[in-house]
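Accompanying notes for the structure given below.
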Ligand code: SAM
Ligand code: DTB
Ligand code: SF4
């Protein structure tokens with residue numbers, strides 16, 4: 005234990021990245037050492053970093069809408085929307101602006117400040133991007149923060165979305181590089197990094213995280229966090245998903261991750277990416293209030309808010325409002341940009 009507790013808490017990489025990348029890198033060893041800390045020590049460190057950067061009583065509410073569901077050509081082993089798995093999800097066409105407007109207004113009325121539109125594409129075509137740009141304009145006009153997750157982007161796509169008012173683009177690394185091939189074979193890690201670079205250079209903020217509970221080791225969870233924290237700069241939003249096991253997917257029968265390990269992942273993300281919004285993402289419905297409360301103590305300060313994620317369930321909005329009230333916490337005001 006002494007070798008763990010005497011491990012120096014590595015520096016905070018600087019933002020924006022004026023320093024050479026090597027100077028600001030987190031090693032997998034340093035991150036694994038954080039994971040290995042006694043739970044109270046890890047929580048204390050995460051709380052300390054959290055309070056230096058945020059009001060710890062505030063949580064951001066982001067609502068998801070699946071604007072184009074199912075029928076996806078990729079083989080992501082966790083995903084109910086992959087056409088090749090028999091999950092009961094029906095494929096649909098891209099939603100029309102009027103329909104999205106209704107959903108966005110309802111989310112705003114319920115208290116959401118960010119609205120994220122998801123599409124089950126490997127990679128949108130130019131004409132898809134034009135249509136999504138219209139959806140972004142529609143949502144942005146309500147005064148909501150906008151986010152989209154559409155798969156891999158080509159040159160010019162992120163720029164078009166940025167011009168339409170897109171604030172964030174979500175594209176997850178999902179796992180460490182050395183575990184990735186166990187989960188997905190139809191696109192590689194570098195494809196994901198390339199899309200993230202396009203998003204960043206178009207001036208759209210990056211929302212990028214991953215999934216835990218897919219059978220990876222603790223070191224591989226550390227490897228995922230290292231990849232995220234070493235992005236230069238690191239993402240503004242970091243969704244940490246706990247695998248939602250869906251019948252028909254290859255991961256349907258995956259053993260449960262110890263919930264404390266999920267809390268540890270949140271804490272380590274908070275310590276290594278101090279100013280990011282760390283989002284307690286998929287898997288909340290299966291988690292229970294106590295573990296969610298520990299995640300907030302560990303530095304999570306954003307949730308997906310609304311009774312559905314993309315195709316699977318999420319806690320009712322009433323339950324979330326009630327949980328925060330019981331904890332003496334409240335919704336964060338929209339960020340000033
Ligand atoms: N098709 C696009 C893509 O893959 O980038 C956008 C939508 S995709 C559903 C967005 C993210 O949802 C995935 O990268 C993954 O991290 C997460 N996700 C999908 N299915 C999940 C599941 N069963 N449990 C937890 N997270 C999941
Ligand atoms: C993210 O990291 N998690 C969200 C969002 N980004 C798009 C999606 C979770 C999906 C969970 C499975 C489903 O509902 O289909
Ligand atoms: Fe398709 Fe995205 Fe699901 Fe992968 S995660 S199968 S790319 S919708």
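Residue numbers (my numbering): 5 to 341. From the three backbone atoms N, C-alpha and C, an ideal C-beta is built for every residue, glycine too. Fair warning: this is a prediction, and the values are worked out from it, not measured in the lab.
Exposure label - residue 42; buried when at least 16 CB within 10 Å: Residue numbering aside, residue 42 sits at position 38 when the chain shown is read from its first letter. Label assigned to residue 42: exposed.
Take residue 45 as the anchor and find which of 291, 275, 149 has the nearest alpha-carbon. By 1-based counting over the chain shown, the position of residue 45 is 41. Measuring from the Cα of residue 45, the nearest candidate turns out to be 275.
Secondary structure of residue 42, DSSP reduced to three states: As a working mapping, residue 42 is identified with position 38 in the chain shown. Residue 42 falls in the coil class under three-state DSSP.
Every unbroken beta strand (DSSP E) inside the segment 46-86 [3 residues or more]: 62-72
Select from 75, 281, 36, 144 the residue whose C-alpha is nearest the C-alpha of residue 104. As a working mapping, residue 104 is identified with position 100 in the chain shown. The shortest Cα separation from residue 104 among 75, 281, 36, 144 belongs to 144.
Keeping to the same chain, check which residues put their C-beta closer than 7 angstroms to that of residue 296; ignore five residues upstream and five downstream. Counted from its first residue, the chain shown places residue 296 at position 292. So the qualifying residues of the chain are 284, 288, 327.
Using 9 angstroms as the threshold, is the C-beta distance between residue 177 and residue 213 below it? Taking the first residue of the chain shown as position 1, residue 177 is located at position 173. Taking the first residue of the chain shown as position 1, residue 213 is located at position 209. Cβ distance < 9 angstroms, so residue 177 and residue 213 count as in contact.
Which parts of the segment 165-211 are runs of the beta strand (DSSP E), unbroken and 3 residues or longer, counting only runs that do not cross its ends? 172-174, 209-211
My understanding is that residue 210 touches residue 261, with C-beta atoms under 8 angstroms, so please give their C-beta distance in whole angstroms. Here residue 210 corresponds to residue number 206 of the chain shown, with the count starting at 1. Here residue 261 corresponds to residue number 257 of the chain shown, with the count starting at 1. Not a contact, Cβ separation roughly 25 angstroms.
Is the beta carbon of residue 159 within less than 8 angstroms of some heavy atom of the ligand SAM? Counting from one through the chain shown, the residue named residue 159 turns up at place 155. Outside the cutoff, so no.
Exposure label - residue 226; buried when at least 16 CB within 10 Å: Walking along the chain shown from the start, residue 226 turns up at place 222. Answer is buried; the Cβ neighbour count reaches 16.
Under DSSP, the alpha helix (DSSP H) around residue 223 begins and ends at which residues? Looking up residue 223 in the chain shown gives position 219. Segment 222-233, the alpha helix (DSSP H) holding residue 223.
Helix, strand or coil at residue 153 according to DSSP, with G and I counted as helix: Mapped onto the chain shown, residue 153 falls at position 149. Strand.
Excluding five sequence neighbours on each side, which residues of the same chain lie with their C-beta closer than 7 angstroms to the C-beta of residue 64? Residue 64 sits at position 60 when you count from the first residue of the chain shown. Excluding residues within five positions, the ones whose Cβ falls inside 7 angstroms are 117, 118, 281, 305, 306, 336.
The beta strand (DSSP E) that contains residue 93, what's its start and end? Here the question's residue 93 lines up with position 89 in the chain shown. Neither: residue 93 is in no beta strand (DSSP E) and is coded neither H nor E.
For residue 221 and residue 309, I'd like the C-alpha separation in whole angstroms. Counting from one through the chain shown, the residue named residue 221 turns up at place 217. Counting from one through the chain shown, the residue named residue 309 turns up at place 305. Going by the C-alpha atoms only, they are around 29 angstroms apart.
By DSSP, does residue 312 sit in helix, in strand, or in coil? Position 308 of the chain shown, counted from the start, is the residue given in the question as residue 312. Here residue 312 sits in strand by DSSP.
Apply the 10 Å Cβ neighbour rule to residue 324 and answer buried if 16 or more other Cβ atoms are within range, or exposed otherwise. Working through the chain shown from its first residue, we reach residue 324 at position 320. Label assigned to residue 324: buried.
Strand pairing of residue 119, partner residues [DSSP]: Start at 1 with the first residue of the chain shown, and residue 119 comes out as number 115. For residue 119, which the question treats as bridged, DSSP gives the partners 67, 150.
Those residues which DSSP pairs with residue 237 across a bridge: As a working note, residue 237 is residue 233 in the chain shown. Beta-bridge pairing links residue 237 to no other residue.
Assigned exposure category for residue 96 - 16 Cβ within 10 Å defines buried: Along the chain shown, one-based indexing puts residue 96 at 92. Result: exposed.
Rounded to whole angstroms, what is the Cα-Cα separation between residue 129 and residue 286? Numbered from its first residue, the chain shown carries residue 129 at position 125. Numbered from its first residue, the chain shown carries residue 286 at position 282. Roughly 27 angstroms separates the two Cα atoms.
Inter-stretch contact (C-beta, 8 angstroms, three-pair minimum) for the segment 85-101 and the segment 125-139: yes
Given a cut-off of 9 angstroms on the beta-carbon distance, is the pair residue 298 and residue 248 in contact? Within the chain shown, residue 298 is the residue found at index 294, counting from 1. Within the chain shown, residue 248 is the residue found at index 244, counting from 1. No. Outside cutoff.
Closest by CA to residue 240, which one among 277, 252, 258? Against the chain shown, residue 240 aligns to sequence position 236. Minimum Cα distance to residue 240 is reached at 277.
Measure from the alpha carbon of residue 106 to the alpha carbon of each residue in 146, 179, 78, then state which is nearest. Here residue 106 is taken as the residue at index 102 of the chain shown, counted from 1. For residue 106, the nearest C-alpha among the options comes from 146.
Residues bridged to residue 215 [DSSP beta-bridge criterion]: Within the chain shown, residue 215 is the residue found at index 211, counting from 1. Bridge partners of residue 215: 245.
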